[in-house]
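Engineer:
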Amino acid sequence: MRAFQINEFGIDKLALVEVADPEPQPNEVVVRFDAWSLNYRDVMVVEGRYNPRMKIPATPLSDGAGEIVAVGEGVTKWKVGDRVMPIMVQRWFDGEPNAETSRTAIGAGAVWDGILREKAAFAENSVVAVPDQLSQSVAATLPCAAVTAWNALVVSGKLKAGDTVLTQGTGGVSIFAVQFAKTLGARVIATSSSDAKLKKLSELGADETINYRTREDWDRAVLELTEKRGVDHVIEVGGAGTLAKSINAVRVGGHIAMIGALDTEGTFNHVPIFMKAIRLQGIFVGSKAMFEDMNASIAGKNVRPVIDRIFRFEEIRDALHYMKSGAHFGKIVVNLDR
Ligand SMILES: NC(=O)c1ccc[n+]([C@@H]2O[C@H](COP(=O)([O-])OP(=O)(O)OC[C@H]3O[C@@H](n4cnc5c(N)ncnc54)[C@H](OP(=O)(O)O)[C@@H]3O)[C@@H](O)[C@H]2O)c1
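Per this note's numbering, the sequence shown starts with residue -16, numbered consecutively.
What follows is the structure, encoded as structure tokens:
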């Protein structure tokens, strides 16, 4: 079967290789993938920026959807033909993460190798069912970005109808956050660097939008929109470069979900964190239980994940360059034509 492999770091150096088909071990299933989706992490992994000590050769990517084509001895939950998605953190099933489970995120090194391959084997407990109404391409968007947004808002944030959520930019995590916040009855203030994308955010349901390039003091704009109170939740995907403004924009006692590092240049004053009693919570994807709860909610509320563009398997390098350009709105999918 075919697999993409990092032998040297760099998007254009990603190599298409032939490897042996996986055989299912006891309590494992073999999944044949139909579709994958990209996360910003994949660009960093392929370029050697995610973990400079990452062992290679390795296969990138964490998100995909496929069909079970073989089951190992003792498998009780699945049969050949079932449609599934691997969970990103392969041994985090429920409750809090710990040092052991956190080391089991797939797609960032040889130990928990990635899934940009035609088939891969997983423990039967480390995959979840694709909701019936979703295609494989749509399901492939869920394991990382959607679960992260769900954890940030619903689990960590305990979001209530009527809360106000601030989202940053229009990448995968932020667009899922807009969709979940709206279906749960929250008000959304969304930012983007592009007026065209702001228009799409409004069409998706965002109540107010701010261009963070033309309105550099977007934190002030948020305060103006909230009668100086600030928002209840911030989906913080920028990091060092955006945190100072997120701290200004959140209300006293509010919640900042620390998710990303898209903007690494900047410093922040820690004093308002305690003066405003802000809850600054690091988010690491989510557990299998969160993934399954989210899937039930998506099915019940008919959330349609936003796919910007679909590339073919062989076009993965173009897909990664496209993601790096930041031109996308929502998710980028890679599909295998059969
Ligand atoms: N902690 C976790 O478990 C977890 C899980 C998933 C992702 N992440 C991290 O979260 C971040 C987002 O991931 P993703 O896959 O959603 O990324 P993505 O799809 O690549 O998002 C890119 C978009 O982010 C926006 N952006 C970039 N710099 C920004 C800034 N300074 N302020 C506001 N928006 C900015 C831009 O939107 P516009 O074009 O609209 O301006 C850009 O198009 C990454 O750092 C990723 O590594 C963490």
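From the three backbone atoms N, C-alpha and C, an ideal C-beta is built for every residue, glycine too.
So the candidates are F296, I(-11), D301 and S270; which of them puts its Cα closest to the Cα of P126?
Structural biologist: S270
Engineer: Which residue wins for smallest C-alpha separation from N252, given the options R262, D246, M27 and N231?
Structural biologist: N231
Engineer: Is F159 helix, strand or coil by DSSP?
Structural biologist: Note: F159 maps to helix in three-state DSSP.
Engineer: What are the complete alpha helix (DSSP H) segments, minimum 4 residues, inside the region 13 to 89?
Structural biologist: 23 to 30 and 82 to 85
Engineer: How would you label N34, buried or exposed, when you count the other beta carbons within 10 angstroms and need 16 or more for buried?
Structural biologist: exposed
Engineer: Quick check on D(-5): buried or exposed, where buried means 16 or more other Cβ atoms within 10 Å of its Cβ?
Structural biologist: exposed
Engineer: Would you check whether ligand 1 has a heavy atom nearer than 7 Å to the C-beta of I290?
Structural biologist: no
Engineer: Just to confirm my understanding: we take S120, look at its own chain, exclude 5 residues before and 5 after, and list those with CB closer than 7 Å. What are they?
Structural biologist: A18, I290, I293, V316 and N318
Engineer: Quick check on DSSP: helix, strand or coil for F274?
Structural biologist: helix
Engineer: Under the assumption that T247 contacts G222 (Cβ atoms under 8 Å), give the Cβ distance between them as a whole number of angstroms.
Structural biologist: 6 Å
Engineer: Assign H238 to one of three DSSP states: helix, strand, or coil.
Structural biologist: Reduced to three states, the DSSP call for H238 is strand.
Engineer: Taking the beta strand (DSSP E) that A349 falls in, what are its first and last residues?
Structural biologist: What the structure shows of the chain is the stretch from -16 to 321, and residue 349 is not part of that stretch, so it cannot be assessed.
Engineer: On the DSSP bridge list, what partners appear for I293?
Structural biologist: The partner list for I293 (beta bridge, DSSP) reads V316.
Engineer: Does DSSP put K323 in a helix, a strand or coil?
Structural biologist: No answer is possible for residue 323: it lies beyond the span of the chain, which begins at -16 and ends at 321.
Engineer: Given the structure, does T174 come close to ligand 1, in the sense that its CB is under 7 Å from one of the ligand's heavy atoms?
Structural biologist: Under cutoff, so the answer is yes.
Engineer: Just curious, the beta strand (DSSP E) that G265 is in, first and last residue?
Structural biologist: R262 to G265
Engineer: Just grab the DSSP bridge partners of S120 for me.
Structural biologist: DSSP lists no partner for S120.
Engineer: Just tell me which of V217, L187 and G188 has its CA closest to the CA of W201.
Structural biologist: It is V217 whose Cα lies nearest to the Cα of W201.
Engineer: In three-state DSSP terms, what is E191?
Structural biologist: strand
Engineer: With a CB to CB cut of under 7 Å and the five nearest residues on each side skipped, what residues in its chain are close to W157?
Structural biologist: According to the sequence displayed, residue 157 carries Ser and not Trp. Once the five neighbours on either side are set aside, the close Cβ partners of S157 are T150, Q151, I218 and V220.
Engineer: Which residues does DSSP list as the beta-bridge partners of A103?
Structural biologist: V14
Engineer: Quick one: does the C-beta of H311 sit closer than 7 Å to a heavy atom of ligand 1?
Structural biologist: Yes.
Engineer: What distance in whole Å lies between the Cβ atoms of A41 and N92, which are believed to be in contact at a cut-off of 8 Å?
Structural biologist: Residue identity differs from the one stated: residue 92 is Gly in this sequence, not Asn. Sure, about 6 Å apart at Cβ, within 8 Å.
Engineer: Who pairs with I(-13) in a beta bridge, going by DSSP?
Structural biologist: In the sequence as presented, Ile is not what sits at residue -13; that position holds Phe. According to DSSP, F(-13) bridges with L(-1).
Engineer: Does the Cβ-Cβ distance between F312 and T153 come in under 8 Å?
Structural biologist: yes
Engineer: Any heavy atom of ligand 1 inside 7 Å of the beta-carbon of T124?
Structural biologist: Checking every heavy atom of ligand 1 against the Cβ of T124, none is found closer than 7 Å.
Engineer: Q73: buried (16+ other C-beta within 10 angstroms of its C-beta) or exposed?
Structural biologist: buried
Engineer: When DSSP labels each residue in this structure, what does R170 get in the three-state scheme?
Structural biologist: Here R170 sits in strand by DSSP.
Engineer: Ligand 1 and N22: does any heavy atom of the ligand fall closer than 7 Å to the residue's C-beta?
Structural biologist: Yes; taking the cut-off as 7 Å, the Cβ of N22 has a heavy atom of ligand 1 nearer than that.
Engineer: Taking the alpha carbon of E199 as the reference point, which residue from A189, E210, G224 and L187 has its own alpha carbon closest?
Structural biologist: Minimum Cα distance to E199 is reached at G224.
Engineer: For P5 versus K102, is the C-beta spacing smaller than 8 Å?
Structural biologist: yes
Engineer: Can you check which of these residues, D320, G47 and G265, is closest to E79 by C-alpha distance?
Structural biologist: G265
Engineer: Check the DSSP bridge columns for N150 and list the partner residues they point to.
Structural biologist: The question names Asn, but residue 150 is Thr in the sequence shown. According to DSSP, which records beta bridges pairwise, T150 is partnered with A173 and I218.
Engineer: Between the beta-carbon of W61 and the beta-carbon of V67, is there less than 8 Å?
Structural biologist: yes
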